[in-house]
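Let me begin by presenting the structure, written as structure tokens, before commenting on it.
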Amino acid sequence: MAGLPADVLLVSLGSTAGLRAVDDALLGALERAGARVAMVRATAPPPVRTMALTDLAWARAARVAAQEGLARHRPRAVLYGSVGAALLWPRPGAIRLDAAMAANRPGRHGVWQRPRERWLLRRCPLLVPQSAEALAEVPQPRPAAVVVPPPVALPDRVRPWAERDVAAVAYAADPTKKGLDRVLAAWSRARRDGEELVVCAAPAGAVPRVPGVRDAGRLDRAAFLELLGRARVLVGAPRREDHGLVQLEALAAGARVVTTSAPGAFVALSLLRALEPRAVVADAEDPAALAAALRAALDAPAGALQERARGLLADRFAPAAVDRVVAGQLLPALLG
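Numbered by UniProt numbering, the letters in the sequence shown go through residues 1 to 336 in order.
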């Protein structure tokens, strides 16, 4: 195989741990489908002050990575791992997305990205949204699409409810977007002596030093999944949720999920409403309502919730199900 062109060049932005994990999973699925895949990843640029400039810096880094990958691997097709990776593409290609910038870059935050996205959509041969909900946010006109969700691994065994030694976990890579302030306000009302909320992925200094709250910092993926396997509840109050992979992983690990509703694709919401409607709080600005839902989840008996959640996840998000979509729909669409 040495010297053969790649079937697919996957251009990964890699600006967050979540994006890197999703791109790595897609790479594996494409390779299991029999494709020769080369992946290139943008080198992180220096931080800048605004979202518009941040997207520009990352887009430039992705363009450099894509140019190098095109020269080295001579691919038949190019797949950009996100809209951000495609913004300054050197060659048109398919675009993977968890959310359209028309939806998640409002106002001045997307002053140049939104018109650029519309330009891309007129030239993009294929969209690869992570969910039907994400596709619904993409402006018309848009190209053909193949929905490929990120896989959610289902552990062979989940820890029984009585053995879970972590009361609650919150994920706060972007504290404002993930609603860390709302979570902390609810936790201060809901917690009992001896209970601890573990906050993961928050930037340095974002988590206050208060009783019952521990800043776990940025955990590697294995450590984070292990923590979810020990937790009773994952709690969130997002201002927007582009997909909600962490919530799905928490359900797979046997934890309950308590959240406020939020705009965005947020595919976990429909599952949560089917599993435990009271775990979804309608008023995101009501800390008492979120605290009550959190307290109820912490105190509730395990029942059959864990197995019901895993059954719902298996139908749509299990790795084998995603592999079938990649092999049967995505790869033929990419390679024609």
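Built from N, CA and C at the ideal position, the CB exists for glycine as well. As the structure is a computational prediction, the values presented were derived from the model and not from experiment.
(request) Quick one: measure Cβ to Cβ for Gly14 and Ala52, integer angstroms, because I've assumed they're closer than 8 Å. (result) With a Cβ gap of about 20 Å, Gly14 and Ala52 do not count as contacting.
(request) Using the Cα positions of Leu331 and Ala35, report the straight-line distance between them to the nearest angstrom. (result) 8 Å
(request) With DSSP collapsed to three states, give me the class of Ser188. (result) helix
(message) If you measure between the beta carbons of Ala293 and Ala262, is that distance less than 8 Å?
(response) no
(request) Look at Leu126 and Leu334 and say whether their C-beta atoms are less than 8 Å apart. (result) In contact: Leu126 and Leu334 (Cβ atoms closer than 8 Å).
(request) Look up Pro129 in the DSSP assignment and say whether it is helix, strand or coil. (result) Judged by DSSP in its simplified three-state form, Pro129 adopts strand.
(request) Please say whether Phe266 and Pro151 have beta carbons closer to each other than 8 Å? (result) The answer is no: Cβ separation not under 8 Å.
(message) Can you tell me where the beta strand (DSSP E) holding Leu10 begins and where it ends?
(response) Val8 to Ser12
(message) I need the boundaries of the alpha helix (DSSP H) containing Ala274, first residue and last residue.
(response) Ala268 to Leu275
(request) Answer with buried or exposed for Thr176, where buried requires no fewer than 16 other C-beta atoms within 10 angstroms of its C-beta. (result) exposed
(message) On a Cα-Cα basis, can you pick out the residue from Val207, Glu307 and Ile95 that is closest to Arg123?
(response) The residue with the shortest Cα to Cα distance from Arg123 is Ile95.
(request) Would you please state the rounded distance, in angstroms, between the beta carbons of Ala88 and Arg60? I believe it to be under 8 Å. (result) The residue asked about is misnamed: residue 88 is Leu in this sequence, not Ala. Approximately 6 Å separates the beta-carbon atoms of Leu88 and Arg60; this is inside 8 Å, confirming the contact.
(request) Report buried or exposed for Leu221, applying the criterion of at least 16 other Cβ atoms within 10 angstroms of its Cβ. (result) Position check: residue 221 holds Arg in this sequence, whereas Leu was assumed. Arg221 comes out exposed.
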